[in-house]
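Please read the structure below before turning to the comments.
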Amino acid sequence: MGRALLGRMKYAWLGCLLFGSLLFAGTQDSEFNVNSRYTVETVVVTADGWTTTVTSASDRDEKISSGLGKEIAALIGEKLNPSVLDDLARRLRKEFHARTVEHHVLRGKSPDYVQVVFDVKLRPTRFDVTVPKFLYSAKQGWSGAVEGTATIRNNGFTLGLVSDGDELVERNAGLVTRYENSRLGTDRVHLRFQFETYHEQWNGNTLDGFLPDRTDATTLAARNTADVYRTRQNFEPEVTFVLAKPLTLSVGASFQRLEDQFPAAQTESANALISTLRYHRRLEDAENQHDLDAGYNLRAATKLLGSDLVYARHRVEFRYMLTRGKSVVIEDVSTGLISGRAPLFERFVLGNSSTLRGWNKYDLDPLGGNRMVHNTVEYRYGAFEAFYDSGAIWDQGETAILRHSLGVGLRQGLFSLAVAFPVRDGHIDPIFMVGMNY
Numbered sequence: 081m082g083r084a085l086l087g088r089m090k091y092a093w094l095g096c097l098l099f100g101s102l103l104f105a106g107t108q109d110s111e112f113n114v115n116s117r118y119t120v121e122t123v124v125v126t127a128d129g130w131t132t133t134v135t136s137a138s139d140r141d142e143k144i145s146s147g148l149g150k151e152i153a154a155l156i157g158e159k160l161n162p163s164v165l166d167d168l169a170r171r172l173r174k175e176f177h178a179r180t181v182e183h184h185v186l187r188g189k190s191p192d193y194v195q196v197v198f199d200v201k202l203r204p205t206r207f208d209v210t211v212p213k214f215l216y217s218a219k220q221g222w223s224g225a226v227e228g229t230a231t232i233r234n235n236g237f238t239l240g241l242v243s244d245g246d247e248l249v250e251r252n253a254g255l256v257t258r259y260e261n262s263r264l265g266t267d268r269v270h271l272r273f274q275f276e277t278y279h280e281q282w283n284g285n286t287l288d289g290f291l292p293d294r295t296d297a298t299t300l301a302a303r304n305t306a307d308v309y310r311t312r313q314n315f316e317p318e319v320t321f322v323l324a325k326p327l328t329l330s331v332g333a334s335f336q337r338l339e340d341q342f343p344a345a346q347t348e349s350a351n352a353l354i355s356t357l358r359y360h361r362r363l364e365d366a367e368n369q370h371d372l373d374a375g376y377n378l379r380a381a382t383k384l385l386g387s388d389l390v391y392a393r394h395r396v397e398f399r400y401m402l403t404r405g406k407s408v409v410i411e412d413v414s415t416g417l418i419s420g421r422a423p424l425f426e427r428f429v430l431g432n433s434s435t436l437r438g439w440n441k442y443d444l445d446p447l448g449g450n451r452m453v454h455n456t457v458e459y460r461y462g463a464f465e466a467f468y469d470s471g472a473i474w475d476q477g478e479t480a481i482l483r484h485s486l487g488v489g490l491r492q493g494l495f496s497l498a499v500a501f502p503v504r505d506g507h508i509d510p511i512f513m514v515g516m517n518y
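Just so you know, we're using our numbering here: the sequence shown kicks off at 81 and counts up by one.
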């Protein structure tokens, strides 16, 4: 009797377990079936100070990394899958160092379509340390910069140290402070204030250009250039307007104070109105990704701002990048023109870590030039890269001489290692470069 009762109880328990499992599976299947009815129409990612709406695979915000942006864009047109949303929320939280990331599903504009919203809750305060530049060139030596940024909601406060002998005619070493507001009332308006103070170091070839007994082309160029200076300070307020998603306009002013080296203790000012128009667009098809960047920058120093130096500096840039699998092809063109008497830091330079690689900028023109044209064609496959640079730098009234260089190297993210060879008659004198440069 007892055994029979135990047997019936055992079968009853098994029956309950089987019924419960079927009921749970039915609930899960029902939930999955309900979700699978809906198709994702749009995806919205919102955080403190900005919002981006994704409606197609080519419609992504640059604040989101390329890989994660592609996966978010891939939701468009697919059936709703909660597990995929959970995974993307975890990855957004990691990428933005956010406190939380929640996702919500809202009704779409069409029947059986939904909108997915990722709500990114950033930490109220965070601190980041970055290295915008750290590189070595066999001709110019070491250059580096380190910055620490404290971000409080939409406000960023940056303090940085710089020693850069790569970008300009001089080596400028000093301090950079910056305040940025990424949302001035609306995410279409950004505000920035920057203050820089530098102590300058000069190459001997540059100083020789200012000697009174020189009568060559270098000295003639120096007559149209402000004197060398021992210190330089700059205060630069700027406002950026997002005119349309691919187009931005920045306007502001630059107040530069130069303490001349010859004669000592004399100061000059180079106060300029500045404006920059930039265009960026990314297009994708089934196999290729196209990135197009173009920009125009004007710096106009004028007596209206109390400037001792009066000049206008124009610079135009165009960059096209085609990505297909591991292969990347880059075409980069830039040109510039200066009219008037400009300070040395405004003059154009070729022969550094990014232009006419393989040439020494002090051999090309130790004072820089007021005319410049440059082109780079680059091919990358995985970590391998090969490039061909060509360009010319000269002063008004001189004959432009086109020069060329070739190079190969390895690149991983921002870090690169390259050997570049100037194309010229005579001996081969390669330049070795290593580091990273934003």
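Even glycine gets a Cβ: it sits at the ideal position worked out from N, Cα and C.
Predicted model only: the values in this text are computed from it and were never measured.
Beta-carbon spacing of residue i, residue j below 8 Å
i	j	result
S485	F501	yes
F207	A178	no
N234	N261	yes
R427	V249	yes
Q195	V125	no
N351	S334	yes
H370	R379	no
R519	F425	Residue 519 lies beyond the range of the chain shown here (81 to 518); nothing can be said about it.
G448	L215	no
S349	S217	no
T382	L353	yes
E182	T210	no
D307	Q341	yes
I156	L168	no
V396	G420	no
I473	L444	yes
W130	D267	yes
A225	V197	no
I511	K219	yes
T133	E158	no
R117	D192	yes
A154	T305	no
Rounded straight-line distance, which links the Cα of residue j to that of residue i
i	j	result
F495	S190	47 Å
W222	L430	17 Å
T180	N455	45 Å
P446	V408	34 Å
A498	L165	41 Å
T205	Y278	30 Å
D509	R203	51 Å
R451	K325	32 Å
Q492	T435	20 Å
R171	T403	24 Å
Q346	L287	17 Å
T238	L482	40 Å
L103	S163	For L103, the predicted structure reports a pLDDT of 45, less than 50, and the residue's modelled location is therefore unreliable. The matter cannot be settled from this model.
G284	G386	32 Å
A366	G405	11 Å
F112	V200	Note that F112 scores 42 on pLDDT, short of 50, meaning its location in the model is unreliable; the coordinates nonetheless yield the value given after this. If you take the alpha carbons of F112 and V200, they lie about 26 Å apart.
L357	V269	14 Å
F290	I144	49 Å
S101	E121	The predicted position of S101 is uncertain, since its pLDDT is 49 and thus under 50; a value taken from the coordinates is nonetheless stated next. Answer to the nearest angstrom: the Cα atoms are 34 Å apart.
Y461	D128	37 Å
D373	M401	9 Å
Y459	S470	15 Å
Y468	G489	12 Å
T265	G416	The sequence as given places Gly at residue 265; Thr does not occur at that position. Whole-angstrom Cα-Cα distance: 35 Å.
N364	K150	Note on residue identity: the sequence assigns Glu, not Asn, to residue 364. So the alpha carbons of these two residues sit roughly 10 Å apart.
N517	F398	19 Å
M513	D412	20 Å
G332	N377	12 Å
In DSSP terms, what residue i is bridged to
i	result
Q274	R258 and E316
V269	F321
R337	Q313 and S349
R460	V408 and E465
Q195	T122 and L186
N235	I232 and N261
K150	DSSP, once it has assigned bridges, lists no residue as partnering K150.
I156	Per DSSP, none; premise fails for I156.
L202	Answer is none; L202 lacks a bridge partner.
R437	W439
N517	K213
Q281	R251
R451	L417 and W474
Checklist entry - Are the region 312-324 and the region 269-288 touching, with three or more C-beta to C-beta distances below 8 Å? => result yes
Checklist entry - In chain order, which beta strand (DSSP E) runs of at least 3 residues are fully inside the region 364-410? => result 369-381 and 391-404
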